[in-house]
Amino acid sequence: MTPRMEKTNRILRGSSLSNDPKPFSVFAGCLLALQLSGAAAQEADDAKMRAPDISKWQCEYCAFEEGWYTDLTLGIGSVSDDSYKFGEYNGLQEQGAFAIVDGTARYRGDEAAYIDITMSDLGLDSRSLLVEGGRQGSYDLQLSYDEIPHYISDSASTPYLGSGGDSLSLPAGWVAAGGTGSMTALDASLHDVDLETRRKRLGVGLSITTESPWSYKLDLRRDDKQGSKLGGGAIAFSTAQLVEPVDYVTDEIDASVSYTRHGLQAKLAYYVSTFSNANDSLRWENAYTPPPAAPGALEGQLALPPDNEFQQLTLSAAYEIDNRNHLSADLSVGHMKQDEKLMQTTLNPALLVPLPADSADAEVDTTNTRLKFISRPTDRLRFSLAYQYDDRDNQTPQLLYDWVTTDAFVGGQRANLPYSFTRTVVKLEADYDYGAGASLGLGYDTDKHERTFLEAKKTDEDTLWGTIRLRNFGNLFVDLKVAMSQRDVASYDLVAAVDPPQNSLMRKYNMADRDRNSLSVFANYMPDANYSFGLSLDYARDDYDNSSIGLAESTDASVNLDLTSMLSEETTLTVYVGRQTIRSIQNGSEAFATPDWSAQNNDTFELAGFGLTHVLIESGITIGLDLSVSRSVGRVELDTGSPFPDLSTSLQSLKLHADYRFDENLLLRAAYWHEEYDSSDWALEGVDPDTVSNLLATGQQTPSYDNDVVKLSMSFKF
Amino acid sequence: MYKNKPTRLLVLSLGLYLGVSGALPAQEINVNVDATLQPGTYTEEGADTCIKCHDEDDEYPVFDIFKTKHGQKGDKHSPFAGLQCEACHGPGIAGPDAMAEVIEKGGHTGRVRSGQERPPIIAYGPKSHVPVEKQNAMCTNCHRGKTHVNWEGSTHQYSGVACASCHKVHAARDPVLETRTQPPVCYTCHVKQRLEFAKPSAHPVRFGQLGCSDCHQPHGGLGEKLLVRPTLNQTCYTCHADKRGPLLWEHAPVSEDCSLCHNAHGSIHPALLKKRAPLLCQQCHSQNGHPSVANSGSGLPGGTPSALLLGRGCVNCHVQVHGSNHPSGVKLMR
């Protein structure tokens with residue numbers, strides 16, 4: 070309804086009939102005149118706004134669907150070699166054949182009934198299935214199943230029995246010793262152990278749309294993660310790498326109700342997440358001879374992640390004050406809780422000390438608020454004001470705990486420190502549109518942090534930034550942003566409860582004075598519909614001028630170029646190349662005084678890729694090629710002692726495929742994938758289980774592989 | 010004249026009729042049509058007019074829309090239950106500013122002499138000359154509320170990103186709505202992230218297991234950087250709830266901000282760490298004794314192998330680096 074229609078309506082509703090003919094006749098005359106003149110203008114408006122008679126729109130040529138449409142791909146593939154790194158997340162970690170089962174199916178029925186099914190990699194450990202259906206526009210049901218494997222390491226070994234469970238024991242005949250080099254039974258006891266986890270996620274969802282402004286949504290998800298990961302356990306001054314069990318279940322409920330009408334949108338959402346761990350703790354036998362001062366230190370027990378719960382209520386709203394002013398707000402209040410029974414302080418009966426409470430009774434209240442006001446006072450000028458408040462209020466009781474360090478020595482009393490954080494951010498921004506697609510932006514942000522039980526109670530960061538934006542400027546699209554920030558810390562004091570204390574000259578980098586300067590540029594040039602060139606430059610530099618000890622400086626610079634081109638109707642080409650360098654300098658003091666050593670970290674990563682697809686139209690064959698090369702170099706340099714070799718990785722991947730289309734419904738695909746990976750890591754190389762006297766290591770090696778995958782599949786449409 | 014009752018009645022009825030007819034729209038139209046109705050002149054036959062040129066063999070493939078939710082005639086919210094192609098592309102003949110002679114000739118859908126340019130219609134995509142705000146207004150006519158509550162004022166909207174920059178409405182399966190095909194769409198602008206996910210330790214985005222929208226809500230998230238939850242930590246906890254606690258002995262940077270130690274996209278160091286132990290830890294730990302020792306290459310297997318440097322460095326003993334709920338976990342070793 071146009072404003073004019075509404076006005077006419079109001080006039081009509083306001084009219085009243087009277088018995089007095091004169092006022093009535095005048096009134097009627099006025100009404101008629103108004104209507105006629107209004108109607109003329111109205112008709113002109115109506116001609117522009119009147120909906121056409123859509124009942125005549127038959128849509129005879131529209132290809133509406135009815136029934137089932139299925140696209141199924143079946144085939145077989147083969148992997149040339151075992152490699153956890155190659156199959157890290159894709160399920161191709163094992164040599165041998167695998168089934169290819171992929172597909173989509175959709176059903177379209179009467180009155181908007183529908184089903185959509187998507188299946189991927191059903192023959193692999195990375196399978197997923199999504200089924201969605203219902204009556205479009207009324208209700209939708211969703212069912213999802215997804216598996217995410219993570220193959221961590223296939224080169225680890227351990228002498229411990231029971232790996233994967235919560236209790237690790239040493240084999241009969243184990244010879245404990247002061248150092249790994251003297252553990253005579255070690256070699257014979259070592260056996261391979263694979264470190265891997267598998268997530269299985271099941272989701273069910275329902276959403277309801279009504280004729281009213283209200284709509285409803287409910288999502289339930291269960292994430293079941295099983296497997297093992299690398300952990301460790303120290304007793305006295307020696308440690309062992311241990312296999313830690315992973316048997317986690319995370320359940321989530323996401324329920325929301327939304328209200329949507331022109332001018333006002335709101336959503337109230339309730340989120341619950343509960344985490345449960347089938348294992349409370351990990352126990353292990355001490356592989357070393359206990360030190361003379363701690364003869365009872367024969368086993369250790371560490372606490373595994375405890376069951377916990379989080380609930381959060383969120384209200385979001387967006388309000389159009391008028392067509393030039395907009396207000397949006399989000400408010401979330403949440404509560405985290407963890408109340409598991411505490412373990413005993415030690416397994417060493419000689420050192421057992423009492424607990425002050427049965428559980429930590431750990432609770433945290435969270436509050437997160439965002440408010441944003443956007444205004445466009447003129448057609449060219451726009452500004453926005455945003456306020457953000459995040460509070461983590463730790464309500465966990467603070468108690469004095471007697472504790473035992475590594476089941477070997479009584480540690481004295483310590484109070485737990487329930488950290489709370491508050492962050493307040495205010496952002497002011499103005500943009501001016503010069504026309505012809507160019508605009509200039511200017512902004513100022515303040516970011517305040519408050520922390521408890523930490524060195525700096527308050528930190529304050531101010532940022533001034535500017536942007537230049539070009540949109541469809543010629544054929545150019547540019548985003549350029551420059552920002553300068555300065556963070557000041559009013560006072561930095563050592564935390565008395567931390568014993569032994571930190572070096573008083575050290576500044577923790579999240580609570581230190583800092584100057585940050587950054588530049589980012591994104592440019593895209595499209596001379597015509599067939600070519601697109603992209604350039605992306607990012608540079609940021611942090612200086613911690615008042616940190617004598619700790620992080621002193623860091624820079625992060627990257628440049629990326631890409632080209633996408635339709636060389637012809639049959640041929641598409643993609644090329645990309647990028648490089649990132651991350652550098653940092655930090656200082657330390659062995660003498661626990663002024664800085665006496667310095668370390669520099671330089672990480673470089675380079676990536677290049679090339680992709681080509683070509684259609685041989687006459688023969689119905691499409692061929693594709695994807696080549697990707699990447700390498701990384703990590704350099705650690707200390708100004709003292711011997712140098713480090715480089716940390717490095719290199720990856721070359723070539724994928725080829727050829728599709729032959731028999732007809733509209735039948736396609737044959739042959740694919741070949743060759744990938745080589747090599748890496749070098751000084752933290753692992755040459756580190757056998759007995760290389761380090763006080764570290765019983767798993768002897769993991771740096772991964773490398775040279776793998777081939779061949780796939781042959783048929784796609785059927787029916 | 011008005012003293013006559015029947016005449017009075019007639020005049021009144023006429024007045025009422027004109028008034029009311031002026032108030033009512035031309036015919037009863039549904040909510041969806043009303044929402045997308047734009048000033049202009051619509052075609053006589055709707056989609057059948059458009060399909061005469063934009064058929065299955067057209068160089069701009071549009072027919073796959075019938076495989077999508079937009080092409081569902083049974084759902085009154087769907088364009089094809091209402092104004093069909095013109096629901097999104099606007100009046101098929103001409104917009105409100107068109108000259109009368111253009112409308113006379115049939116506008117965009119009329120006959121065009123060879124060599125003459127066809128009058129335009131609202132088009133979408135990077136080469137469209139329709140302002141982004143106008144393009145997006147057509148979409149947000151219907152796509153409002155629910156997951157789009159925070160769209161207005163969000164980073165993408167504020168920066169002038171068009172809905173059509175990311176979404177392909179005429180494709181049978183919109184690439185940006187599927188996990189495997191979503192990241193390349195985002196990489197069109199977020200080029201640096203393609204490089205980050207290619208690093209040796211990364212979230213499994215390049216393996217097709219996670220999409221960008223598993224952590225980010227591009228239509229306006231509750232958190233910074235368009236994150237799905239109000240803070241970075243809360244976003245990480247949706248999958249890594251084992252780190253949430255709260256715990257008895259917390260490791261402060263863990264409770265404050267996961268990105269103090271990790272790069273969520275990718276890193277050359279294990280476990281997505283920005284730097285590896287011991288140097289990462291020594292940025293904040295400087296106590297007298299082993300925490301402040303300069304661990305050089307002398308600690309490698311060829312020299313005096315050191316547990317502070319090799320394996321997992323500090324984490325060989327301080328295993329509970331994310332915090333501990335063990336009463337003796339003060340130093341994160343239990």
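Protein chains in written order, with the numbering used here: chain F, 70 to 787; chain A, 10 to 343.
C-beta atoms are modelled at their ideal positions from N, C-alpha and C, and glycine is treated no differently.
Query	Result
Every unbroken beta strand (DSSP E) inside the stretch 576 to 618 of chain F [3 residues or more]	583 to 597 and 600 to 612
Which of helix, strand or coil DSSP assigns to G101 of chain A	coil
Interface flag, Y488 of chain F vs chain A, CB-CB below 7 Å	yes
Nearest-angstrom Cα separation, counted from S782 of chain F out to Y741 of chain F	12 Å
Where A168 of chain F falls, given that 16 or more other Cβ within 10 Å makes a residue buried	exposed
Residue ranges of each beta strand (DSSP E) within the stretch 115 to 199 of chain A, 3 or longer	none
Listed by chain order, chain A residues near D223 of chain F by CB distance under 8 Å	By Cβ distance, chain A contributes nothing, its closest Cβ being about 15 Å from D223 of chain F, past 8 Å.
Best match in A:C62, A:P100 and A:C326 for proximity to L46 of chain A [C-alpha to C-alpha]	A:P100
Contact set between T415 of chain F and chain A, taken where Cβ atoms lie within less than 7 Å	S337
Y729 of chain F at chain A interface by Cβ criterion, 7 Å	no
Helix, strand or coil at S301 of chain A [DSSP, three-state]	helix
Which listed residue (F:E744, F:S189 and F:L396) has its alpha carbon closest to that of S722 of chain F	F:E744
CB contact check: F133 of chain F to chain A, cutoff 7 Å	yes
Contacts of K496 of chain F in chain A (Cβ-Cβ under 9 Å)	By Cβ distance, chain A contributes nothing, its closest Cβ being about 10 Å from K496 of chain F, past 9 Å.
Residues near E354 of chain F in its chain [Cβ-Cβ closer than 6 Å; skip 5 each side]	S238, L239 and E368
Any C-beta of chain A under 7 Å from that of M575 of chain F	yes
Test: K336 of chain F CB closer than 7 Å to a CB of chain A	yes
Sequence ranges, beta strand (DSSP E) only - wholly within the stretch 120 to 205 of chain F, length at least 3	136 to 148, 165 to 177, 182 to 189 and 197 to 204
The stretch 397 to 408 of chain F / the stretch 425 to 440 of chain F touching (three or more Cβ pairs under 8 Å)	yes
Enclosing beta strand (DSSP E) for Y503 of chain F [first to last residue]	F490 to G504
Residues that R203 of chain A contacts on chain F, provided the C-beta gap is smaller than 8 Å	N629, Y645, G647 and L676
Spatially closest choice to I686 of chain F from F:R730, F:K724 and F:S717, by CA coordinates	F:R730
Contact set between F379 of chain F and chain A, taken where Cβ atoms lie within less than 9 Å	Q243, Y246, A250 and R253
N- and C-terminal bounds of the beta strand (DSSP E) containing S719 of chain F	L716 to D732
Close-in-space but distant-in-sequence residues of the same chain around L588 of chain F (CB under 6 Å, 5 per side omitted)	V551 and Y608
Cut-off 8 Å between Cβ atoms - residues of its own chain near V178 of chain A, not counting five sequence neighbours on either side	I74, T77, H79, C97 and Y133
Beta bridge counterpart(s) of P314 of chain F as assigned by DSSP	F:S297
Within chain A, partners of L716 of chain F - CB distance below 9 Å	I277, H278 and R285
Chain-ordered neighbours of E409 of chain F on chain A, where CB pairs are closer than 8 Å	N334
Per-residue burial, Y488 of chain F [other beta carbons within 10 Å of its own, 16 or more giving buried]	buried
Chain-ordered residues of the stretch 431 to 448 of chain F with a beta carbon less than 8 Å from chain A	A431, E432, V433, T435, N437, R439, K441 and I443
Contacts of M18 of chain F in chain A (Cβ-Cβ under 8 Å)	Residue numbering for chain F in the displayed model covers 70 to 787; residue 18 of chain F lies beyond these limits and cannot be assessed.
Residue interval of the alpha helix (DSSP H) (run including Y246 of chain A)	L241 to Y246
Chain F contact residues for V328 of chain A, given Cβ-Cβ distances below 7 Å	G300, G301, G302 and L371
Touching by the beta-carbon criterion (3+ pairs, under 8 Å), the stretch 562 to 578 of chain F and the stretch 529 to 543 of chain F	no
Residue-chain proximity (I618 of chain F, chain A), Cβ-Cβ < 7 Å	yes
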